[in-house]
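Numbering of the sequence shown is given in the UniProt record's numbering, commencing with residue 1 and proceeding in unit increments.
We put the beta carbon where it would ideally sit given N, CA and C, even for glycine.
Owing to the predicted nature of the structure, the values given are computational and were not obtained by experimental measurement.
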Amino acid sequence: MKLNTMDKLNQAAEQNLMDIENAKASGRKVIGFYCLYTPMELAVAADAIPVPLCGTRNEPIAAAEEVLPRNFCPLIKSSFGFAATDTCPYFRYSDLVIGDTTCDGKKKMFELLSEYRPMHILQLPQKQDTKKALAFWRDEIETFKAVLEKTTGNEINNEKLAAAIRLMNKERMTKKALMDLAKTRPSPISGMDLLTIMFRTGFFADKPKGIALIIEIISEIIERISREESPFSIRTPRILLTGVPVGLGSDKMVRVLEESGANVVCFENCSGYKQAYTVDEEKEPLQALAEQYLSIPCSVMSPNQGRFELLSDMIREFSIDGVVDLTWQGCHTYNVEAYSMGKFVKDKHGLPYLHLETDYSESDTGQLKIRVEAFLEIIR
Ligand code: SF4
Ligand code: SF4
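And the structure:
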């Protein structure tokens, strides 16, 4: 059951690379980033183009393993491999690449990545609830602002920053409205389609154009709901996928779950609902950015209570039947947190929980399918 607007989305994704090339030719700078903790409003305020950098495909991993340990997180290896093999156009376009000191693997990989592109590292605190951590993070963001002003040659003032915050709030709320359509039972959209839309629109250089396209997709899905059409039945198990980020190329578990008869209705990760927040438009812009970004509930934070709160809300709002927690091999923070997550889902919500650890290859797909089918049997 294909959405007509998907073709338009694919065409827009191709056009996007040309848009970036044209923007670069006219003197605008491109700022590449890897992590949700990077406050990209600052790049928008400096009239630069923020682009997420590729790290979701298996192909560049072999090249990365010539430098990085093999038993590393595939997301880190893929990100590095794309740079080393010069196969990510967004990395090639980037005038500056931003890395955040999140997990150990990533921050050490960034040291090597700096051989390929100019880099700026944001030192992220690992605690969220102290004034000291917030003050440190705000200071990091002020340094980031100065670096961007130097890179782009454009001053970032409060007025420009407030406009960038409004624009990115609008983008995030439009994406949230899209994701929230899957609260309908049965959901009018598959998890794979949702992931595809979220992933592709994430790269759009022209944000208003991207927002307009998501609104068009939302309208088509609302029409589908009004006709009571869905690729699923009312009995299809509704799954919440939590854990590590996923994207096109690292979508194995979403495919396996939906091919086995489930519907991934929502993503409590950086590819999905962790993006569903707004920055306070009433506060002084730098302070508002510092507060909001530091509160992102990733497992690199200790403690990471926010993830459990977000998960609880999503379980209720999306009428979830079971939770699947995905960990990339070598990701210690999500792997350890899986224990508390499993206990929380089973004890507090009384729901079936499945923790899966895998990488980007297809070598274990058969085994994963067997585990998923057994899990879905429990739900049914
Ligand atoms: S999972 Fe954590 S470290 Fe990874 S992109 Fe998301 S916020 Fe950043
Ligand atoms: S998935 Fe885990 S190990 Fe991999 S980059 Fe994210 S936090 Fe680091």
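- Ligand 1 approaches Thr102 closely enough that one of its heavy atoms is under 7 Å from the residue's Cβ.
- Asn263 sits in a strand when the DSSP states are folded into three classes.
- With a cut-off of 7 Å, the C-beta of Leu75 is classified as near ligand 2, since at least one heavy atom of the ligand falls inside that distance.
- Val256 and Thr87 have their C-alpha atoms some 27 Å from each other.
- A distance criterion of 7 Å places the beta-carbon of Cys35 in contact range of ligand 1, judged by its closest non-hydrogen atom.
- A Cβ-Cβ distance of about 11 Å is found for the pair Leu351 and Phe375, leaving them out of contact under the 8 Å criterion.
- Arg166 places its beta carbon 8 Å or farther from that of Ala276.
- Secondary structure note for Glu229: it is in no alpha helix (DSSP H), with a DSSP letter that is neither H nor E.
- For the pair Asp47 and Thr152, the CB atoms are nearer than the 8 Å cut-off.
- With a cut-off of 7 Å, the C-beta of Tyr339 is classified as distant from ligand 2, since no heavy atom of the ligand falls inside that distance.
- Comparing alpha carbon positions, the residue from Leu240, Val372, Glu223 and Gln123 closest to Asn4 is Glu223.
- Short of 7 Å from the beta carbon of Ser190, and not among the five residues preceding or following it, lie these beta carbons of its own chain, in chain order: Pro231, Glu258 and Asn263.
- Not a single heavy atom of ligand 2 lies less than 7 Å from the C-beta of Tyr360.
- In the structure shown, the three-state DSSP call for Leu356 is strand.
- Counting the other Cβ atoms within 10 Å of the Cβ of Thr174 gives 16 or more, which makes it buried.
- Secondary structure in the stretch 323-356: the alpha helix (DSSP H) runs of 4 residues or longer, each lying completely within the stretch, are 332-343 in chain order.
- Met119 carries a strand assignment under DSSP once its states are collapsed to helix, strand and coil.
- Taking C-alpha positions only, Pro208 is separated from Gln367 by approximately 43 Å.
- For Phe91, the CB contacts under 8 Å within the same chain, skipping 5 residues up- and downstream, are Gly32, Leu53, Cys54, Phe82, Ala83, Val97, Tyr116 and Arg117 in chain order.
- Of Ile221, Asp206 and Leu311, the smallest CA-CA separation from Ala177 is found for Ile221.
- Here the stretch 145-164 makes no contact with the stretch 192-199; the two share fewer than three CB pairs at distances below 8 Å.
- Pairing Cys266 with Met341 gives a Cβ-Cβ distance that is not under 8 Å.
- Taking C-alpha positions only, Lys160 is separated from Lys2 by approximately 39 Å.
- For Ser295 and Phe344, the gap between their C-alpha atoms comes out near 20 Å.
- When Asn71, Ala25, Leu42 and Pro303 are compared, the shortest CA-CA separation from Tyr360 is found for Asn71.
- Between Lys108 and the set Tyr93, Ile76, Trp137 and Ala135, the nearest pair of CA atoms involves Ile76.
- Inclusion of Thr184 and Val244 in the CB contact set at 8 Å is not warranted, their separation being larger than that value.
- Taking Ser187 as reference, the option from Glu317, Gly27, Thr38 and Val30 with the minimal CA-CA separation is Glu317.
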